[in-house]
Every structure is written in C-alpha cells, then in structure tokens.
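In our numbering, the protein residues as written are 55 to 329.
One structure below.
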Amino acid sequence: MIKSQLYKLVTREFKPNNTIVNVNGVKIGGKEIIVIAGPCAVEDEDQIISIARNIKKSGAKILRGGAFKPRTSPYSFQGLGKQGLKILAKAREITRMPIATEVMDTENTKLVCNYADILQVGSRNAQNFSLLKKLGKCNKPVLLKRGMSQTLEEFLSAAEYILKEGNPHVILCERGIRTFETATRNTLDLSIVPLIKQRTHLPIIVDPSHGTGLRNLITPMSKAAIAAGADGLLIEVHDEPEIAKSDGHQSLNIAEFQHLMLELKSISKAVGRTL
Ligand code: PEP
Ligand code: MN
C-alpha cells in the first residue's frame, strides 16, 4: 500500500527493485560504488583535462565540473557558461568519462542537456518546480541534490516531479543540510541514506565536500557514507585547491584524492560492494 499522498513513482511499494541508472555504461545503483569527481567549477581546458586524466587513474568513473555556477554573491565567479560545457565535452572525448554538470535554469536546459551526460540540480534549485518538470522531459539522467532545508518528504516529492514527467533516471544526492552547527559548512545527514534505501528504489550518492566544507573530513565521511549504504560519492578535486575559483577550501588535491580512493577499497569490500 502506498502511504504517502505526495509521491508514488519513487516508492519501493510502486517499484520493489532498485533502479540502476546507466550513464553511458557506468551503472549507478548496482554493486559498484561510483565516484564522481572534479573541480567545483570548470576554469580552463588544460586544468580540466589534467584533472580528468588523474581522477580516472585513481578510479573515478564520472567527471564533474560546473559551467553555470550558483554563487551566493553575484561578485563571485559565475562559471564559463557554454565555453565550460565545450571544455567538459572535450575532456569526455579524451578520457571517455561521462560528464556531470549543473543546469541552473529552464532557459539553459536544452543547451546543458546537449552536452552533459548527467544534469545536476543544485541544492538551491531543489524545489524549482518548473526546472524539475522540464528535466522530467529530458532523456538524460538527473542528479538531484537535496535542498539545504528540505525534509525527506520534500526531497522525494521533488524527485517525483521528474519521474512524473517521464524521466525515471534520477540519482538522489545528500549534500548536507543547514543546522545550528557552524563548525562544518553543513550537517551531512547520513541517516537519510538508509531511510531513502528503505523508502525508494532510486540510487543515492553522498557529497561530503559540500556536506562538510572541510577537506580533512572528506575521507572519514566518505567511508561513513559507503558504510551507510550510499551508491556513490561526489567529491570536489582540484589540481591547485589554493587558487581554485570556487570551493578550494573543501577540494582535495590529486594526491589526496588518490589516497582517498585507496582508503575506500576496504570499506567497500566490507559492505559487499566493489569500487
Ligand atoms: C556543486 O556541486 O558545486 C554545488 C554548487 O553544490 P550544491 O548545490 O550542493 O551547493
Ligand atoms: Mn562546489
């Protein structure tokens, strides 16, 4: 019986088996833990290609990078826009890794859809219903980030908007919520991971970069996320975090990322997953 009146297509009652989202052959929601990595923002071509090659070597399966950036201040770097999408496409061509990038508004949905393999909906847009409806009509997988003050019910209802319009390829992402705690950028709510697994058939990944905002918390929280049942991770990686145009303070450098990936192998194995 379906209990909630707010959503049905996302529930396990409606579809008992796990949904596996296939991104150009990379399967999210299966036995393998999928790591999506890359800089917060696309800054230039050489940078992205070099980061992409390095993260691939360490075991990342999908490249991320923002071309359109939702920044708190209008004076901060806003992203390269279409040029950033072209750079990502070039990195995909060279490395054969699928690319994930954010779509910020309905105006640019078609453009981003033409380039990206995964369309990311950012936390600030988690309840932009016009955008969600439009993405429901796209044929590309959607990475839906949890809004920073969104309850589980609201999060799943947002996902329902996409499924209802005909797009079943939705990956949920826990990226931390706003609480009274100021020691971390957000409070990473890992309890939602097993809860989501119980309530829905959709894959869920965890973003400890935005979830904590602290570089030295990425490894422990990534391990905890895998132990809690996450299907993957979203990690910000930069070749020179000190001079990154956004989120450098929470980005791992290449060596740190390589180390993280090694550390995640045993925890993945311990919970019956591969990496
Ligand atoms: C991002 O992934 O760079 C981003 C802006 O994330 P969020 O929407 O979770 O803040
Ligand atoms: Mn970021």
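Ideal placement from N, C-alpha and C gives every residue a C-beta, glycine not left out.
Small disclaimer: the values here were computed from a predicted structure and weren't measured.
Name the DSSP beta bridge partners of residue i, please?
i	result
Ile87	BP columns for Ile87 are empty, so no partner.
Gly133	Its beta-bridge partners do not exist; DSSP assigns none.
Thr254	Thr65
Gln174	Glu156 and Leu197
Ala95	Gly120
Leu139	Bridge partners of Leu139: none, in fact.
Thr328	Glu86
Ile225	Leu197
Ile259	Cys227 and Gly286
Asn76	Lys81
Thr241	Ile231
May I ask which residues mark the beginning and end of the alpha helix (DSSP H) holding residue i?
i	result
Gly190	Phe183 to Gly190
Thr273	Ile272 to Ala282
Glu310	Ile308 to Ala324
Lys265	The question names Lys, yet the displayed sequence has Gly at residue 265. Where Gly265 is concerned, the enclosing alpha helix (DSSP H) stretches over Pro262 to Thr266.
Glu214	Leu206 to Lys218
Thr352	Nothing about residue 352 can be reported from this structure: the residues present for the chain run from 55 to 329 only.
Please check the pair residue i and residue j, which I expect to be a contact at CB under 8 Å, by giving their CB distance rounded to whole angstroms.
i	j	result
Thr254	Leu217	Between Leu217 and Thr254 the Cβ distance is about 10 Å, and since that is not below 8 Å, they are no contact.
Gln181	Ala212	6 Å
Leu197	Ile172	5 Å
Lys17	Glu99	No statement about residue 17 is possible, as the shown extent of the chain runs from 55 to 329 and does not include it.
Ile225	Val75	5 Å
Examine chain B for any beta-carbon lying closer than 7 Å to the beta-carbon of residue i, and answer yes or no.
i	result
Gly84	Reference to chain B is not applicable here, since this structure consists of a single protein chain.
Assuming residue i is part of the beta strand (DSSP E), what are its boundary residues?
i	result
Leu288	Gly286 to Glu290
**Any 3 or more C-beta pairs closer than 8 Å across the segment 279-298 and the segment 239-251** = yes
**Prompt:** At a cut of 8 Å, does the segment 305-312 reach the segment 283-291 through at least three beta carbon pairs?
**Reply:** Segments in contact, yes.
**Message:** Check whether the segment 72-91 and the segment 115-127 are in contact - that is, three or more C-beta pairs closer than 8 Å.
**Reply:** yes
**Asked** Does the segment 314-322 come close enough to the segment 263-276 that 3 or more CB-CB pairs lie under 8 Å?
**Response** yes
**Request:** Collect the residues with a C-beta less than 7 Å away from any heavy atom of the ligand MN and give them in sequence order along the chain.
**Result:** Counting only residues whose CB is nearer than 7 Å to a non-hydrogen atom of the ligand MN, the list in chain order is Cys94, Gly120, Ser263, His264, Glu290, Ser300 and Asp301.
**Request:** Decide if the segment 188-197 is in contact with the segment 130-142; the criterion is three or more beta carbon pairs, one per stretch, under 8 Å apart.
**Result:** no
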